[in-house]
Amino acid sequence: MSTNSDGTLDDVSQGWARLASTLVQGGRSKRIPESGEFVNLPVARGSTVLFPTLEAMAANGRNSHDHALVYGAMGSPVQHELEKLLSDIEGGTHTQVVNSGLSACTTPLLAFLGSGDHLLLPDSVYGPTRRFANTMLARMGIATTYYAPLATQDEIRALIRPETKLLFAESPGSHTFEVQDIPMLSRTAHEAGALLVLDNTWGIGVFQPFEHGVDVSVQALTKYPVGHSDVIIGSITVADEGLWKKLRDAAIQLGQCAGPDDCWLTLRGLRTMAVRLAHQSRSALELAQWLKARSEVSRVLHPALEDCPGHENWKRDFRGASGLFGVQLRADISVAAMERMVDSLKMFGIGASWGGYESLILPTTGRINRTAQDAPSEIAAFRLQIGLEAVDDLKADLANGLEGLEIAV
Ligand SMILES: *Cc1c(COP(=O)(O)O)cnc(C)c1O
1 MSTNSDGTLD DVSQGWARLA STLVQGGRSK RIPESGEFVN LPVARGSTVL FPTLEAMAAN
61 GRNSHDHALV YGAMGSPVQH ELEKLLSDIE GGTHTQVVNS GLSACTTPLL AFLGSGDHLL
121 LPDSVYGPTR RFANTMLARM GIATTYYAPL ATQDEIRALI RPETKLLFAE SPGSHTFEVQ
181 DIPMLSRTAH EAGALLVLDN TWGIGVFQPF EHGVDVSVQA LTKYPVGHSD VIIGSITVAD
241 EGLWKKLRDA AIQLGQCAGP DDCWLTLRGL RTMAVRLAHQ SRSALELAQW LKARSEVSRV
301 LHPALEDCPG HENWKRDFRG ASGLFGVQLR ADISVAAMER MVDSLKMFGI GASWGGYESL
361 ILPTTGRINR TAQDAPSEIA AFRLQIGLEA VDDLKADLAN GLEGLEIAV
């Protein structure tokens, strides 16, 4: 690590280099060439699995917790290979692939919580996770309390009740990029007999959840693993047999699985993730530092920069950064002027989601919902997803947009 307080290029890209071999070699256990095989597993599309005898069928169906081929809803060979590779990346023992990142967030809540239980959610949590807790879980008699993402241990302890069963974290936070103190949250959850579930979508590969005390790690694979903006898919990983049995039972009861073609595309995306992310993290840091020096910008919310809330947690716990960060404009620049700037950009698509090969911009003003702390003031702010374009082209486009802003003010 550098001695700078801000991240260096090596700081942001080392985690991906560490992962490169696993991403290429993992999830290919069926590819041991005996008589000549293609490199990649073929896609097996299927609902029904055929067996030679009833006895063979019964033997195969006995353990629905493992990767036996039983029925299409319990997964396909490609899904199972993808699950093995994800367990390796996350440092867990078992992974359940589900049909979306949102399902990856909601399925553990349904697996580990019941009527009368209490849940803690960070105020910075992904919006649809918040809506699920406030509507579905509330209807089922599961209460949610929101906590400030950078709350101290005493502040968290004060929110814990006897019926608190689960503490949810998302680090860095959606739109506002607070990097949470996961080891502290883990200790605090565990002393209360609760589980810590982490949305690790931003940190895939550079944050090892189980080393830091997380019990369940969820991801929107839709983002970097898929990498090409063409599939919606999610994953839930654990490192404990008991948790796995509960999670797997819930996933089966909910009918959670993902289509074989989507699993195949995700596995293919993962093969190149280390090189994509090494490039994207470097471009993102370069642009973040360049933006920080611009007069139109008041603050850059990039976990590797000191300005980012929880930067010290990033320095301590992360092995790199990814390519998504936030930008706040000077207070005298209006939201309308920022919106005109966003519309004027040529290289940045306007759209939700991130993690693909292409750069995106999304205004975050007005999208931030807070109940545990004051909502941020309505300053002009946006989120950038940095893709694989030449960084100089991205910089030139942003420079044009920012220069246009000064005129519009
Ligand atoms: C995108 C996202 C999700 C949801 O993923 P989908 O695949 O779009 O359902 C969940 N959590 C975070 C942090 C995300 O960015």
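Residues 1 to 409 (UniProt numbering) make up the sequence shown, in order. Idealized CB from N, CA, C, for every residue including glycine. Quantities reported herein were computed from a predicted structural model and do not represent experimental measurements.
Beta-carbon proximity list for residue 298, same chain, < 8 Å, skipping 5 on both sides: 328, 329, 330, 331 and 379
Quick check on residue 7: buried or exposed, where buried means 16 or more other Cβ atoms within 10 Å of its Cβ? buried
Is it the case that the CB of residue 270 approaches a heavy atom of ligand 2 more closely than 7 Å? As for ligand 2, it is missing from this structure, which binds only ligand 1.
Rounded to whole angstroms, what is the Cα-Cα separation between residue 1 and residue 310? Per-residue confidence for residue 1 stands at a pLDDT of 40, beneath the threshold of 50, marking its modelled position as unreliable; the derived number appears in the next sentence. Taking the straight line joining both Cα atoms gives about 17 Å.
With residue 121 and residue 144 assumed to form a contact (beta carbons below 8 Å), what rounded beta-carbon distance in angstroms separates them? 5 Å
Ligand 1 and residue 411: does the residue's C-beta get closer than 7 Å to at least one heavy atom of that ligand? The question about residue 411 has no answer here: the residues shown for the chain are numbered 1 through 409.
Does the distance from the C-beta atom of residue 266 to that of residue 233 stay below 8 Å? yes
Cα-Cα, which of 227, 169 and 178 is closest to residue 218? 169
From the DSSP output, in three-state form, read off residue 208 for me. coil
Within the chosen definition, does the segment 75-91 reach the segment 110-120 through at least 3 CB pairs nearer than 8 Å? no
Measure the alpha-carbon distance for residue 301 versus residue 354 and round it to whole angstroms. 16 Å
Can you give me the Cβ contacts of residue 258 inside the same chain, cut-off strictly under 7 Å, excluding the 5 residues immediately before and after it? 79, 97, 98, 99 and 233
Nearest-angstrom Cα separation, counted from residue 106 out to residue 229: 22 Å
Residue 316 lies in the alpha helix (DSSP H); which residues open and close that run? 311-317
So within the segment 220-261, which uninterrupted beta strand (DSSP E) runs reach at least 3 residues, ignoring any that extend past its ends? 234-238
Just the Cα atoms here: how many angstroms apart are residue 42 and residue 132? 36 Å
Any heavy atom of ligand 1 closer than 7 Å to the Cβ of residue 170? yes
Of the residues 211, 36 and 205, the one placed nearest residue 20, counting alpha carbons only: 205
Residue environment, residue 25, which counts as buried when at least 16 other CB atoms sit within 10 Å: exposed
Helix, strand or coil for residue 292? Go by DSSP, reduced to three states. helix
From residue 240 to residue 191, what does the alpha carbon distance come to, in whole angstroms? 18 Å
In the DSSP assignment, find the alpha helix (DSSP H) that holds residue 84 and state where it starts and stops. 77-90
Please tell me whether residue 214 and residue 94 are closer than 8 Å, where the distance is taken between their beta carbons. no
Verify the contact flag: residue 89, CB atom, against every heavy atom of ligand 1, threshold strictly below 7 Å. no
Alpha-carbon to alpha-carbon, residue 66 and residue 200: 24 Å
Output yes or no for whether 8 Å exceeds the beta carbon distance between residue 278 and residue 17. yes
Is residue 232 near ligand 1, going by C-beta to nearest heavy atom under 7 Å? yes
Quick check on residue 122: does DSSP put it in helix, strand or coil? strand
Would you call the segment 331-341 and the segment 368-385 in contact, with 3 or more CB pairs under 8 Å? yes
Taking 7 Å as the cut-off, is the beta-carbon of residue 353 closer than that to any non-hydrogen atom of ligand 1? yes
According to the Cβ coordinates, are residue 86 and residue 274 closer than 8 Å? no
State the CB to CB distance for the pair residue 281 and residue 235, rounded to an integer number of angstroms; the pair is presumed to be in contact (CB under 8 Å). Contact doesn't hold; Cβ gap of about 21 Å is too wide.
Comparing the CB of residue 105 with every heavy atom of ligand 1, is any distance shorter than 7 Å? yes
To the nearest angstrom, how far is the alpha carbon of residue 151 from that of residue 371? 14 Å
Cα separation between residue 181 and residue 48? 46 Å
Where does residue 11 fall in DSSP's three states? helix
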